[in-house]
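**Q**
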Amino acid sequence: MSSEIKEMEITRGGQFLVKETACEDVFTLEDLTEEQRMMRESTIEFVDRELWANWERFEKKDYAFTEACMKKAGELGLLSIAVPESYGGMGMGFVSTMLVCDYISGASGSFSTAFGAHTGIGTMPITLYGTEEQKAKYVPKLASGEWMGAYCLTEPGAGSDANSGKTRAVLSEDGKYYKITGQKMWISNAGFCNLFIVFARIEDDQYITGFIVENDPENGITLGDEEKKLGIHSSSTRQVFFNETKVPVENMLSERQAGFKIAMNALNVGRIKLAAACLEAQRRVTDEAVRYAKERMQFKTPIIEFGAIKAKIATMATNAYVGEAASYRAARNIEDRIAMRVAEGNTHQEAELKGVEEYAIECSILKVAVSEDVQQTTDEGIQVFGGMGFSADTPMESAWRDARIARIYEGTNEINRMLSVGMLIKKAMKGHVDLLGPATAVGEELMGIPSFDTPDYSELFAEEKDLIKRLKKVFLMVAGKAVQQFGPDLEQHQQLLMAAADILIEIYMAESAVLRAEKNAKRSGEDSQKTQIAMARLYLYEAVDIIIKKGKEAIVSFAEGDEQRMMLMGLKRFTKYQNQPNIVQLREMVADAVAEQNGYTFD
0 MSSEIKEMEI TRGGQFLVKE TACEDVFTLE DLTEEQRMMR ESTIEFVDRE LWANWERFEK
60 KDYAFTEACM KKAGELGLLS IAVPESYGGM GMGFVSTMLV CDYISGASGS FSTAFGAHTG
120 IGTMPITLYG TEEQKAKYVP KLASGEWMGA YCLTEPGAGS DANSGKTRAV LSEDGKYYKI
180 TGQKMWISNA GFCNLFIVFA RIEDDQYITG FIVENDPENG ITLGDEEKKL GIHSSSTRQV
240 FFNETKVPVE NMLSERQAGF KIAMNALNVG RIKLAAACLE AQRRVTDEAV RYAKERMQFK
300 TPIIEFGAIK AKIATMATNA YVGEAASYRA ARNIEDRIAM RVAEGNTHQE AELKGVEEYA
360 IECSILKVAV SEDVQQTTDE GIQVFGGMGF SADTPMESAW RDARIARIYE GTNEINRMLS
420 VGMLIKKAMK GHVDLLGPAT AVGEELMGIP SFDTPDYSEL FAEEKDLIKR LKKVFLMVAG
480 KAVQQFGPDL EQHQQLLMAA ADILIEIYMA ESAVLRAEKN AKRSGEDSQK TQIAMARLYL
540 YEAVDIIIKK GKEAIVSFAE GDEQRMMLMG LKRFTKYQNQ PNIVQLREMV ADAVAEQNGY
600 TFD
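Note that numbering that gives the first Met the number 0 has the sequence shown beginning at 0, numbered continuously upward.
Printed below as a string of structure tokens:
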């Protein structure tokens, strides 16, 4: 085994909190290979030609147009990036699959949803859990776009509690097939799919079971009307009713009661892919806002010159930059973990499942952070456009509505916040991430006398990286006290979990931005990376404010007296800047650079 693989072996999900990461060890968009850059360009060309040029059609509930665009994507191979070559796919690595998901998703939430539902939860469960016969029969059709896939998990009474579904699967007397009966809702692609991944309960099993079900109306399958939705208007979303639908026993996916595990692992992949799917939307909205602001004259001045508008443009660009940094950092970690497991002799299926599962914490962090950033970006985009932004004649209004669903599907952001902290604590209990040692050290530091030495911050990002180390101590202080006080009952204290999650999220996102900017400055020179450096510093400054607020909220809610005072003093110490950045100057630097480039061009 190579030294590189051995090094990968000690890098685990969640360890960013307790291990220092060198900027050379993170992957960024600037590290794309020539092949990946060509793939990105061909994806953008398809989107500009077929989707962006026709964005208004997606607002008119033109489901047939969405399906036709999906077929064209299939013809170009864009539905097969993650599918192994042996089943008609391209067999590309995880970063490349993220890349296509990212750049194909920015023009229309309707198409993005159809693409994600098909390539992710519609195809991936068969690729990763199917038998050789199942994969050979179905995956090539799905990879080419000849068939479209959908995923039937949610029910009227089973949303976040996915395992509580009432749909039943009853084995026939001759043992040759199951009869599935039940109701599924919010099923993306239902109106034009050929195949469903359906989850149902057999007898009184504790866990649900997955099935591959071909969409045959004559086999007890009926569809509800298209749902009337706030956004993603041309994403076919319907209820699906099964009435003793016959499914051959050989179409059980994996094994009995494995459905919940399949669903959860599919969501892990879906979460990081959803973060990717929100990135290009941010870039395009930023581009449109910049162009409009340069053309729109008020008081004989382009509004891009006004400080209030510059602040918005700077925030939009910074959020996109940070989202890219964190998403591709995690994507490469997953790809490396998959490669490590393949080198150890795992099958591709086993390697990919375990590789993604390892970074489930980061997947949840990214899902929350980037889905909320895209909502803020589209909201600010409307504001830059003013009255025209509120009009359906410009794409800002539809972008804002389409963005709203991202905080709900693939697990609500509330669920994902609690999951991120809960999974981290479980990994610590299993010994996969050492939280106890660092948390104990933080407790001892709180009791000690702080150093009054003046640190040397002469190197680029020296202060920022030192501050990030101290922000990690804030999380360890807050989470460690919460675990100590509430133990296994901590999951009942959702508001504390949410506060801790916000601290965790801001640490990962801010660190990713700093590492990306540092890496690019080292290889290209600081002078060429001034805007990236400014964005990293701007995001960190605002992250610190969030961490102060959430840390204080938690501390005053579970600590009292001297302990509370000590922890609040620790919070102040750990979040202190020696040299406060000039925030207005940073924003203006970012906004001016974006205006000069006529849009977002930081990759």
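Beta carbons: idealized from backbone N, C-alpha and C, even for Gly.
May I have the straight-line CA-CA distance separating L495 from G385, to the nearest angstrom?
**A** The sequence position of residue 495 within the sequence shown is 496, counting from 1. The sequence position of residue 385 within the sequence shown is 386, counting from 1. Cα-Cα distance, rounded: 38 Å.
**Q** On the CB-based measure, 16 or more other CB atoms within 10 Å of its CB, does A288 come out buried or exposed?
**A** Working through the sequence shown from its first residue, we reach residue 288 at position 289. Classification of A288: buried, given that the 10 Å Cβ count is 16 or more.
**Q** Which residues in the same chain as K18 place their Cβ atom closer than 7 Å to its Cβ, once the five residues preceding and following it in sequence are excluded?
**A** Residue 18 sits at position 19 when you count from the first residue of the sequence shown. The answer is none, since no qualifying residue turns up.
**Q** Using only the alpha-carbon positions, how far apart do P454 and T600 sit?
**A** Here residue 454 refers to the residue found at position 455 of the sequence shown. Here residue 600 refers to the residue found at position 601 of the sequence shown. Cα to Cα, P454 sits roughly 35 Å from T600.
**Q** Within 10 angstroms of the Cβ of G181, are there 16 or more other Cβ atoms? Answer buried if so, exposed if not.
**A** Taking the sequence shown and counting its residues from 1, the one referred to as residue 181 is at position 182. Per the 10 Å Cβ criterion, buried.
**Q** What's the gap between the Cα of E154 and the Cα of F114?
**A** Against the sequence shown, residue 154 aligns to sequence position 155. Against the sequence shown, residue 114 aligns to sequence position 115. The straight-line gap from Cα to Cα measures roughly 22 Å.
**Q** For K551 versus L570, is the C-beta distance shorter than 8 Å?
**A** Position 552 of the sequence shown, counted from the first residue, corresponds to residue 551. Position 571 of the sequence shown, counted from the first residue, corresponds to residue 570. Yes, they are a contact pair.
**Q** Counting only the same chain and skipping the five closest in sequence on each side, list residues whose C-beta sits under 6 Å from that of A292.
**A** For the purposes of this step, residue 292 is identified with residue 293 of the sequence shown, where counting begins at 1. Hits under 6 Å: I302, I303, I308 and V383.
**Q** Going by DSSP, which residues form a beta bridge with Q374?
**A** Position 375 of the sequence shown, counted from the start, is the residue given in the question as residue 374. Q374 is not bridged to any residue.
**Q** At which residue ranges does the region 132-214 contain complete beta strand (DSSP E) runs of 3 or more residues, listed in the order of the chain?
**A** Runs of the beta strand (DSSP E) inside the region 132-214: 148-151, 167-170, 176-187, 194-201 and 208-213.
**Q** First and last residue of the beta strand (DSSP E) that includes R11?
**A** Position 12 of the sequence shown, counting from 1, holds the residue named residue 11. First-last for R11: undefined, no H or E at that position.
**Q** If you draw a straight line from the alpha carbon of S235 to that of Y102, how long is it in whole angstroms?
**A** Taking the sequence shown and counting its residues from 1, the one referred to as residue 235 is at position 236. Taking the sequence shown and counting its residues from 1, the one referred to as residue 102 is at position 103. Each residue's Cα considered, the two are about 21 Å apart.
**Q** Relative to the C-alpha of E254, which residue among K299, P124, S159 and E225 is closest?
**A** Residue numbering aside, residue 254 sits at position 255 when the sequence shown is read from its first letter. Minimum Cα distance to E254 is reached at P124.
**Q** In terms of alpha-carbon separation, which member of E145, G156 and G90 lies closest to T126?
**A** As a first step, residue 126 must be located in the sequence shown, where it is residue number 127. Out of E145, G156 and G90, G90 has the C-alpha closest to the C-alpha of T126.
**Q** Can you check DSSP and say which residues form a bridge with L50?
**A** Working through the sequence shown from its first residue, we reach residue 50 at position 51. L50 is not bridged to any residue.
**Q** Taking only three categories from DSSP, how would you classify I448?
**A** Mapped onto the sequence shown, residue 448 falls at position 449. Correct three-state label for I448: coil.
**Q** By the three-class DSSP mapping on this structure, what secondary structure does R255 have?
**A** For the purposes of this step, residue 255 is identified with residue 256 of the sequence shown, where counting begins at 1. Of the three classes helix, strand and coil, the one that applies to R255 here is coil, per DSSP.
**Q** Using a Cβ cut-off of 8 Å (strictly closer), state whether A325 contacts chain C.
**A** Here there is only one protein chain, and chain C is not present.
**Q** Where L423 and S111 are concerned, what is the direct C-alpha to C-alpha distance, given to the nearest angstrom?
**A** Position 424 of the sequence shown, counted from the start, is the residue given in the question as residue 423. Position 112 of the sequence shown, counted from the start, is the residue given in the question as residue 111. Taking the straight line joining both Cα atoms gives about 30 Å.
**Q** Would A461 and A509 qualify as a contact pair, given that the criterion is a beta-carbon distance under 8 Å?
**A** Taking the first residue of the sequence shown as position 1, residue 461 is located at position 462. Taking the first residue of the sequence shown as position 1, residue 509 is located at position 510. In this structure, A509 does not lie closer than 8 Å to A461 by Cβ.
**Q** Using alpha carbons as the reference points, say which of C100, E66 and A67 lies closest to S79.
**A** Start at 1 with the first residue of the sequence shown, and residue 79 comes out as number 80. Considering only alpha carbons, the answer is C100.
**Q** Hey, could you find the ends of the alpha helix (DSSP H) F64 is sitting in?
**A** If you number the sequence shown from 1, residue 64 lands on position 65. Run containing F64: Y62 to E74, per the alpha helix (DSSP H) assignment.
**Q** Helix, strand or coil: which one does DSSP assign to L496?
**A** Numbered from 1 along the sequence shown, position 497 holds the residue referred to as residue 496. DSSP places L496 in helix when its eight states are reduced to three.
**Q** Straight-line CA distance for N214 to A368?
**A** For the purposes of this step, residue 214 is taken as residue 215 along the sequence shown, with counting starting at 1. For the purposes of this step, residue 368 is taken as residue 369 along the sequence shown, with counting starting at 1. For N214 and A368, the distance between alpha carbons rounds to 36 Å.
**Q** To the nearest whole angstrom, what separates the beta carbons of Y320 and A512, a pair I think is in contact under 8 Å?
**A** Residue numbering aside, residue 320 sits at position 321 when the sequence shown is read from its first letter. Residue numbering aside, residue 512 sits at position 513 when the sequence shown is read from its first letter. Contact flag correct, Cβ pair sits at about 7 Å.
**Q** Leaving aside the five residues before and after S159 along the sequence, list all residues of the same chain whose C-beta is less than 8 Å from its C-beta, in chain order.
**A** Sequence index remark: in the sequence shown, residue 159 carries index 160 (1-based). Same-chain partners within the cutoff: G410, T411 and I414.
**Q** Please determine whether the Cβ atom of S107 lies at a distance below 7 Å from any heavy atom of the ligand NAD.
**A** This structure lacks the ligand NAD; in fact it carries no ligand of any kind.
**Q** Please say whether A402 and Q374 have beta carbons closer to each other than 8 Å?
**A** Taking the sequence shown and counting its residues from 1, the one referred to as residue 374 is at position 375. Taking the sequence shown and counting its residues from 1, the one referred to as residue 402 is at position 403. Going by C-beta atoms, Q374 is nearer than 8 Å to A402.
**Q** If we ignore side chains and look at the alpha-carbon of each, how far apart do Q256 and Q205 end up?
**A** Reading the sequence shown from its first residue, position 257 is the one you call residue 256. Reading the sequence shown from its first residue, position 206 is the one you call residue 205. If I take the Cα positions, the gap works out to 7 Å.
**Q** Quick one: what does DSSP say I271 is sitting in, helix, strand or coil?
**A** Against the sequence shown, residue 271 aligns to sequence position 272. Correct three-state label for I271: helix.
**Q** Could you please give the first and the last residue of the uninterrupted beta strand (DSSP E) stretch that includes N578?
**A** The residue labelled residue 578 in the question sits at position 579 within the sequence shown. No beta strand (DSSP E) holds N578; DSSP gives it neither H nor E.
**Q** Based on DSSP bridge pairs, tell me the residues matched to Q297.
**A** Locating residue 297 in the sequence shown gives position 298, counting from the first residue. DSSP output for Q297 lists T300 as bridge partner(s).
**Q** Please give me, in chain order, every unbroken run of the beta strand (DSSP E) with length at least 3 that falls completely inside the region 544-586.
**A** Here no run is fully enclosed.
**Q** Which full runs of the alpha helix (DSSP H) of 4+ residues lie inside the region 322-397, going along the chain?
**A** Listed in chain order, the complete alpha helix (DSSP H) runs (minimum 4 residues) inside the region 322-397 are 347-357, 359-384 and 386-389.
**Q** Among E40, D24, A106 and G219, which has the Cα closest to the Cα of T393?
**A** The count along the sequence shown starts at 1 and reaches residue 393 at position 394. Measuring from the Cα of T393, the nearest candidate turns out to be A106.
**Q** State the CB to CB distance for the pair M565 and L445, rounded to an integer number of angstroms; the pair is presumed to be in contact (CB under 8 Å).
**A** As a first step, residue 565 must be located in the sequence shown, where it is residue number 566. As a first step, residue 445 must be located in the sequence shown, where it is residue number 446. 6 Å between Cβ atoms; contact.
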